[in-house]
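Everything below concerns the one structure shown next.
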Amino acid sequence: MLRVAPLREGRLVGIDVARTVALVGMIATHVLDGRTTTGELTTVQWLAGGRASALFAVLAGVSIALMSGGAHPVRGSERTRTVLGLAARAVLVALLGLALGGLETSLAIILAYYGVLFLLGLPFIGLRAVPLAVLAGVWLVAAPVASHLVRPSLPVRDFASPDFSRFVDPGPLLADLLLTGYYPAVPWLAYLLAGMAIGRTDLTGWRTPLRLAACGLGLAVVATAVSRLCTSSLEVRTALVPHRVTTEDELLRMLSGSQHGTTPTDGAWQWLLVVSPHSATPFDLAQTIGSALVVIGLALALADVLPRWGRAALAVLAGAGAMPLSLYTLHVVMRTPDVWPAEQERTFGWHVAVVLGVGAVFALLGRRGPLEWLVGWPGRRLRRGVRTG
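The opening position of the sequence shown corresponds to residue 85 in our numbering, with each subsequent residue numbered one higher.
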């Protein structure tokens, strides 16, 4: 008899829904054009650009918290085993990312950065929700400032995705993964800490998720408004674009495009005031954390208010969110020239259909994604060793 895996006791279907949204958003930014024929930002790019990957990172923090005790962090030897299992998971994810980085896809592969991000989050596993939230707030300001000061002295970044060939010169690779790359782990730790704070909260019911969504909306709106107010100043605009007079509209148009991970290393400190996709500034981190809270909160609330049969149907529709590592990898492989023609917008529907279809089949069969099974094996082995020891 078929059983729906996401309805196992204790599993939060809403988190799978949020992961599915993040996965589809990343596929959209990879496949669809970001601008119209007139050069305007598309609606899809405005919604998903910079936000989908940030949502993934926040959800990574939620996952870490849930795997380490949820609202009640694990203690003692159990914490040690959990940290070791998560560290092994992080290394395996990073290795997979390096392997995918060697494929011909023209994509900025997130997984190597993701693995490093997991490792950076491990020292904070013992913290509860409030300290994690405070630390996330401090980190989203302090880390971008430190990055802005340090990056000019670091090696020139390689804009290709990290792969195994980069081990020949590990210094630039480490700088790329931590500070200068597409998804720099040091400032992105703010996402992970925010997600861990969410995962340390009691997420059952619909009231707390809706409060999360409301707080996230407020944070996103305030961060964007304050940034826009700062960059409306002629002094700031002149510092950002020193060689010509730029109107506020022209500046916003320029900032609507991706900064590819960081602000310019030779730029003025005023770059820390901007909201721009993949810029890792304090305002960008705050705005994208806010948007992630909105998605997570609404997804959790939706799953809670549905009757059991509705949650079962939602779990199947969002089955992709229960195996994002496997399906992200499948999407990347599908983007290689030998598998699927790249840069063709009509393939977007097929990418989404394949990802959602495979996720639904695995959900109906009650099966874990193959890569999820693989990276989770060390943690399961550690727990099994304790039970049989």
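Note that CB positions come from ideal geometry on N, CA and C, so glycine has one too.
None of these values were measured; they are calculated from a predicted model.
For residue i, the first and last residue of its enclosing alpha helix (DSSP H)
i    : result
F243 : Segment: none, F243 is in no alpha helix (DSSP H) and carries neither H nor E.
V305 : 291 to 315
S375 : 366 to 389
M407 : Note, M407: premise wrong, no alpha helix (DSSP H); not H, not E.
W393 : 392 to 401
V325 : No alpha helix (DSSP H) contains V325, which DSSP labels as neither H nor E.
V252 : Premise fails: V252 is in no alpha helix (DSSP H) and is neither H nor E.
Under the three-state DSSP convention, the category residue i falls into
i    : result
R119 : strand
Y266 : coil
G441 : helix
T431 : helix
G185 : helix
M33  : For the chain, the structure presents residues 85 to 473; residue 33 sits outside this window and is missing.
G279 : helix
H354 : A small fix is needed here, since residue 354 is Gln in this sequence, not His. Q354: helix per DSSP, three-state reduction.
D260 : helix
G221 : helix
G450 : coil
A192 : coil
L206 : helix
H344 : coil
P236 : helix
V200 : helix
L455 : helix
H362 : coil
R419 : coil
L273 : helix
R468 : helix
R321 : helix
T413 : helix
D286 : coil
L211 : coil
Distance cut-off 7 angstroms: residue i Cβ against heavy atoms of the ligand GDP
i    : result
V439 : The ligand content of the structure shown is nil, which means the ligand GDP is not present either.
Exposure of residue i, with buried meaning 16 or more beta-carbon neighbours within 10 Å
i    : result
D368 : buried
T104 : buried
G255 : exposed
L86  : With a pLDDT of only 41 at L86, under the threshold of 50, the placement of this residue in the model should not be trusted; the figure read from the coordinates follows. It counts as exposed.
D422 : exposed
W434 : exposed
T372 : buried
A178 : buried
V240 : exposed
A89  : Residue confidence for A89 is low, a pLDDT of 44 falling below 50, so the modelled location carries little weight; the figure read from the coordinates is stated next. Per the 10 Å Cβ criterion, buried.
R464 : exposed
D46  : Absent from the structure is residue 46, since the part of the chain shown begins at 85 and ends at 473.
D388 : buried
A102 : buried
P236 : exposed
G160 : exposed
F140 : buried
L449 : exposed
T346 : buried
T331 : exposed
T127 : exposed
Residue-level contact to chain D via CB, residue i, 8 angstroms cutoff
i    : result
G345 : Checking the listed chains, one finds no chain D in this structure; it contains a single protein chain.
Indicate whether the contact test is met: 3 or more Cβ pairs, each with one atom in the segment 350 to 368 and one in the segment 216 to 229, closer than 8 angstroms.
The segment 216 to 229 and the segment 350 to 368 touch, with three or more beta-carbon pairs separated by less than 8 angstroms.
What runs of the beta strand (DSSP E), each 3 residues or longer, lie entirely inside the segment 95 to 177?
Listed in chain order, there is nothing to give.
Quick test of the definition: if touching needs 3 or more C-beta pairs under 8 angstroms, does the segment 411 to 422 touch the segment 187 to 196?
Contact holds: three or more Cβ-Cβ distances are below 8 angstroms.
Specify whether the segment 95 to 114 and the segment 374 to 385 touch according to this definition: at least 3 beta carbon pairs, one from each stretch, less than 8 angstroms apart.
With the cut-off at 8 angstroms, the segment 95 to 114 and the segment 374 to 385 touch.
Are three or more beta carbon pairs between the segment 390 to 401 and the segment 249 to 260 nearer than 8 angstroms?
Counting C-beta pairs closer than 8 angstroms gives fewer than three between the segment 390 to 401 and the segment 249 to 260, which falls short of the contact rule.
When you compare the segment 146 to 157 with the segment 282 to 298, are there three or more beta-carbon pairs, one atom per stretch, that lie closer than 8 angstroms?
Cβ pair count under 8 angstroms is three or more, so yes.
Counting pairs of Cβ atoms below 8 angstroms between the segment 258 to 269 and the segment 285 to 302, do you hit three or more?
With a cut-off of 8 angstroms, the segment 285 to 302 and the segment 258 to 269 do not count as touching, because too few Cβ pairs lie within range.
Any contact of the segment 403 to 411 with the segment 448 to 457, i.e. 3+ C-beta pairs under 8 angstroms?
Verdict: yes, contact present.
Check whether the segment 202 to 209 and the segment 434 to 445 touch, using three or more Cβ-Cβ pairs below 8 angstroms as the test.
At 8 angstroms Cβ cutoff, the stretches do not touch.
Three Cβ pairs or more, each shorter than 8 angstroms: is that satisfied between the segment 335 to 349 and the segment 359 to 366?
Touching, per the Cβ criterion.
Check whether the segment 400 to 407 touches the segment 165 to 179, taking contact to mean three or more Cβ pairs, one atom from each stretch, closer than 8 angstroms.
Flag = no, the segment 400 to 407 and the segment 165 to 179 do not touch.
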